[in-house]
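Some notes on the structure that comes next.
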Amino acid sequence: MADVEFGLLGPVEVRVAGRPVPLTGKQQSLLALLLLNANRVVSTDRVADALWGDALPSDPAARVRMLVSELRRAVGAQLVVTKRPGYLVRVADGELDCEVFARHVDQARVSDHDQAVRHYDSALALWRGAPLTGVTGTFADATVAALEDARLTAVEERAAARLALGRQAEVVAELRPVAAEHPLRERVHELLMRALRQAGRLGDALAVYRGLRKHLADELGVEPSGPLRALHQHLLEDEPEPGLPDRPRLLPADVAGFVGRELELRGLDEVAEASRLVLVAGPPGVGKTATVVHWAHRVAGRFPDGQLFLDLRGFDRTAPLRAADALARLLHVLGQRADETELDVLVLRYRSLLAGRRVLIVLDNVASPEQVRPLLPGHPGCLVVLTSRDRLGGLVAVDGARRVTLDVLAPDAALTLIGHVAGADRVRTEPGAAADLAALCGHLPLALRVASTAGRPAHQTLRQFADELADRGRLGGSPSTATTGRACGRRSSCRTGRCRSRYAARSARSGRCRAWTWRPRPPRRCWTCRWGRPATCWTGWCAGTW
Numbered sequence: 109m110a111d112v113e114f115g116l117l118g119p120v121e122v123r124v125a126g127r128p129v130p131l132t133g134k135q136q137s138l139l140a141l142l143l144l145n146a147n148r149v150v151s152t153d154r155v156a157d158a159l160w161g162d163a164l165p166s167d168p169a170a171r172v173r174m175l176v177s178e179l180r181r182a183v184g185a186q187l188v189v190t191k192r193p194g195y196l197v198r199v200a201d202g203e204l205d206c207e208v209f210a211r212h213v214d215q216a217r218v219s220d221h222d223q224a225v226r227h228y229d230s231a232l233a234l235w236r237g238a239p240l241t242g243v244t245g246t247f248a249d250a251t252v253a254a255l256e257d258a259r260l261t262a263v264e265e266r267a268a269a270r271l272a273l274g275r276q277a278e279v280v281a282e283l284r285p286v287a288a289e290h291p292l293r294e295r296v297h298e299l300l301m302r303a304l305r306q307a308g309r310l311g312d313a314l315a316v317y318r319g320l321r322k323h324l325a326d327e328l329g330v331e332p333s334g335p336l337r338a339l340h341q342h343l344l345e346d347e348p349e350p351g352l353p354d355r356p357r358l359l360p361a362d363v364a365g366f367v368g369r370e371l372e373l374r375g376l377d378e379v380a381e382a383s384r385l386v387l388v389a390g391p392p393g394v395g396k397t398a399t400v401v402h403w404a405h406r407v408a409g410r411f412p413d414g415q416l417f418l419d420l421r422g423f424d425r426t427a428p429l430r431a432a433d434a435l436a437r438l439l440h441v442l443g444q445r446a447d448e449t450e451l452d453v454l455v456l457r458y459r460s461l462l463a464g465r466r467v468l469i470v471l472d473n474v475a476s477p478e479q480v481r482p483l484l485p486g487h488p489g490c491l492v493v494l495t496s497r498d499r500l501g502g503l504v505a506v507d508g509a510r511r512v513t514l515d516v517l518a519p520d521a522a523l524t525l526i527g528h529v530a531g532a533d534r535v536r537t538e539p540g541a542a543a544d545l546a547a548l549c550g551h552l553p554l555a556l557r558v559a560s561t562a563g564r565p566a567h568q569t570l571r572q573f574a575d576e577l578a579d580r581g582r583l584g585g586s587p588s589t590a591t592t593g594r595a596c597g598r599r600s601s602c603r604t605g606r607c608r609s610r611y612a613a614r615s616a617r618s619g620r621c622r623a624w625t626w627r628p629r630p631p632r633r634c635w636t637c638r639w640g641r642p643a644t645c646w647t648g649w650c651a652g653t654w
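The working numbering puts the last residue of the sequence shown at 654; the count rises by one with no breaks.
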């Protein structure tokens with residue numbers, strides 16, 4: 109049956125070709141039970157227990173069969189299927205409103221503020237009233253509570269995105285009735301206080317706090333949470349919160365022509381939900397920073413209190429950035445002076461500043477766990493994403509970091525990247541030459557960009573350039589290209605001396621792991637020596653010599 113829509117976000121309903129189908133109370137309850145288990149079999153016994161509880165009819169199975177027959181006559185026999193030991197409802201993608209709602213919310217959480225607001229608008233527009241209205245029995249109580257909480261969370265997240273866009277008047281208008289309906293929900297009151305403060309209504313913001321505090325004391329006997337008390341104190345002093353309202357937006361610009369990495373981006377979404385510390389690891393030139401920055405722009409809307417970015421210079425020829433210096437820089441961009449030099453004092457100030465905030469912190473080129481541990485906030489609302497060419501096993505084992513490993517680009521993505529830099533028409537005209545060029549670059553994004561830039565002159569075909577590169581064994585091209593390549597090569601050089609692993613050294617001599625040199629000869633050093641044993645070597649990722 110075409111054009112079927114099922115609704116649980118309000119009175120339970122089914123629409124066929126846009127027209128609602130009349131249902132009795134028991135039919136609504138049966139349909140709701142089956143929809144909550146869409147495309148899964150619900151046993152006859154479970155249906156009877158859900159619909160009648162302790163007041164079972166004399167023949168529950170017969171009564172269930174009769175009710176299913178009535179529902180089939182109403183909505184169509186093909187939608188309600190008999191399958192032992194019970195029944196199921198067939199629901200296609202996009203037909204069930206609560207699933208569409210969840211999809212819009214997921215999209216909002218990985219979008220920028222403008223797009224996020226639009227997705228939240230679409231999600232909340234699906235609500236027609238209290239969820240599962242018309243259902244009798246207690247089987248749906250937990251689902252009703254979960255759906256209501258999901259709706260309120262979406263309202264809060266939309267309000268945070270609107271605040272980030274400077275639309276505080278809309279937030280005040282929306283959250284006033286929500287706060288009155290949910291007098292104990294702290295996040296709603298916090299956002300309302302911030303919106304009122306940004307609108308210049310300090311007295312009203314303080315009144316919201318007093319009302320919340322009274323409700324919490326009268327009904328629960330508790331005080332507001334620490335972050336709310338801190339916000340209240342800043343309002344009393346008529347001072348901006350630390351980091352607010354000038355929230356830091358320090359992410360670098362997204363990489364033009366970013367291609368591929370769909371699997372890795374989904375992996376980042378998953379691990380970021382499970383952990384507050386994420387490590388993106390991989391060899392030099394594989395695109396760790398570009399991938400993280402691209403992903404960070406997608407999820408920035410989840411972190412209304414700001415996004416920080418700092419290069420820790422863990423693999424420069426100069427010394428890595430010390431933790432104390434890194435903290436001083438972070439405190440400075442958060443509007444705080446860092447006169448102290450003792451690391452412990454800086455850590456305490458930094459963590460206190462981020463307490464109760466939702467900030468995304470990207471720390472690029474991490475050299476070691478010791479360098480980054482002082483930079484980890486103590487509050488679970490913040491997310492820290494690290495990049496490193498080291499595996500940083502200590503952070504995984506001790507600090508609970510979740511690791512996402514980057515490999516070279518897939519061949520199709522490598523060709524797309526070449527087309528973006530050198531010209532898509534040239535790749536379509538010479539697909540074989542473009543594939544050879546990608547292979548010569550080992551499908552590494554940095555190598556592909558440098559090589560594609562060097563091969564851009566209109567008088568030279570991709571085949572000519574690929575053959576020249578294969579014969580010459582290194583990238584030359586224009587002085588700017590050569591300088592860029594050599595600089596990247598120097599930055600990617602191994603800082604730990606000669607290979608400590610005979611396996612790694614032998615791999616380097618045989619060409620299996622050639623490191624990133626700029627001459628077609630076996631290198632004397634291999635950056636895989638950082639692990640010192642073949643079981644953890646990056647061998648297999650390094651390909652080709654520039």
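Beta carbons are placed, not taken as given, at the ideal position from N, Cα and C, and that holds for glycine.
Since this is a predicted model, take the numbers as computed values, not measurements.
Backbone CA spacing between residue i and residue j [nearest angstrom]
| i | j | result |
| --- | --- | --- |
| residue 173 | residue 161 | 17 angstroms |
| residue 223 | residue 216 | 7 angstroms |
| residue 480 | residue 391 | 19 angstroms |
| residue 612 | residue 256 | Summary for residue 612: the model assigns pLDDT 38, below 50, so the residue's position carries little reliability; its value from the coordinates is reported in the next sentence. Taking the straight line from one Cα to the other gives about 57 angstroms. |
| residue 121 | residue 250 | 20 angstroms |
| residue 415 | residue 231 | 26 angstroms |
| residue 556 | residue 372 | 19 angstroms |
| residue 534 | residue 554 | 20 angstroms |
| residue 437 | residue 294 | 32 angstroms |
| residue 430 | residue 332 | 37 angstroms |
| residue 517 | residue 183 | 49 angstroms |
| residue 605 | residue 499 | At residue 605, the pLDDT of 40 sits below 50, so the modelled position is not reliable and the matter cannot be decided from this model. |
| residue 405 | residue 247 | 41 angstroms |
| residue 339 | residue 325 | 18 angstroms |
| residue 209 | residue 279 | 21 angstroms |
| residue 186 | residue 137 | 19 angstroms |
| residue 628 | residue 577 | Its pLDDT being 30, under 50, residue 628 is placed unreliably by the model, and nothing is read from it. |
| residue 493 | residue 370 | 18 angstroms |
| residue 450 | residue 311 | 39 angstroms |
| residue 142 | residue 263 | 28 angstroms |
Environment of residue i [buried if 16+ CB atoms lie within 10 Å]
| i | result |
| --- | --- |
| residue 147 | exposed |
| residue 276 | buried |
| residue 413 | buried |
| residue 551 | buried |
| residue 356 | buried |
| residue 496 | buried |
| residue 134 | buried |
| residue 532 | exposed |
| residue 440 | exposed |
| residue 298 | buried |
| residue 166 | exposed |
| residue 615 | Because residue 615 sits at a pLDDT of 35, beneath the cut-off of 50, its placement in the model cannot be relied upon, and the following sentence gives the value as read from the coordinates. Residue 615 is buried by the Cβ-count criterion. |
| residue 115 | buried |
| residue 621 | With a pLDDT of 35 at residue 621, under the threshold of 50, the modelled position of this residue cannot be trusted, and the question is left open. |
| residue 272 | buried |
| residue 287 | buried |
| residue 529 | buried |
| residue 597 | Bear in mind that the predicted position of residue 597 carries a pLDDT of just 48, short of 50, making it too unreliable to give a figure here. |
Residues of its chain near residue i, where Cβ-Cβ distance is below 6 angstroms and the 5 sequence neighbours each way are ignored
| i | result |
| --- | --- |
| residue 475 | 422, 428 |
| residue 111 | 125 |
| residue 192 | none |
beta-carbon residue i near the ligand NAP non-hydrogen atom, thresh 7 angstroms
| i | result |
| --- | --- |
| residue 505 | The ligand NAP is not part of the structure shown, which contains no ligands of any sort. |
Selection from the options that minimises the alpha carbon distance to residue i
| i | options | result |
| --- | --- | --- |
| residue 394 | 379, 303, 322, 367 | 367 |
| residue 157 | 245, 539, 449, 398 | 245 |
| residue 176 | 574, 140, 545, 462 | 140 |
| residue 435 | 425, 452, 426 | 452 |
| residue 433 | 529, 424, 419 | 419 |
| residue 327 | 290, 286, 311, 344 | 290 |
| residue 321 | 338, 292, 306 | 292 |
| residue 334 | 487, 492, 389, 187 | 487 |
| residue 454 | 442, 464, 527 | 442 |
| residue 235 | 221, 258, 214 | 258 |
| residue 468 | 401, 457, 456 | 401 |
| residue 514 | 260, 399, 407 | 399 |
Residues near residue i by beta carbon distance below 7 angstroms, same chain, minus five either side
| i | result |
| --- | --- |
| residue 397 | 472, 495 |
Cβ shell of residue i (< 8 angstroms), same chain only, five flanking positions each side left out
| i | result |
| --- | --- |
| residue 507 | 385, 477, 481, 484 |
| residue 512 | 372, 375, 376, 379, 386, 387, 388, 389 |
| residue 509 | 383, 385, 386, 387, 494, 500, 503 |
*With a floor of 3 residues, list each beta strand (DSSP E) that falls wholly inside the region 522–568, ordered by position along the chain.*
none
*May I have a chain-ordered list of the alpha helix (DSSP H) segments no shorter than 4 residues that lie completely inside the region 151–175?*
Runs found: 152–160.
*Which residue spans inside the region 467–503 form an unbroken beta strand (DSSP E) run of at least 3?*
Every beta strand (DSSP E) of 3 residues or more that sits fully in the region 467–503 is shown, in chain order, as 468–472, 491–496.
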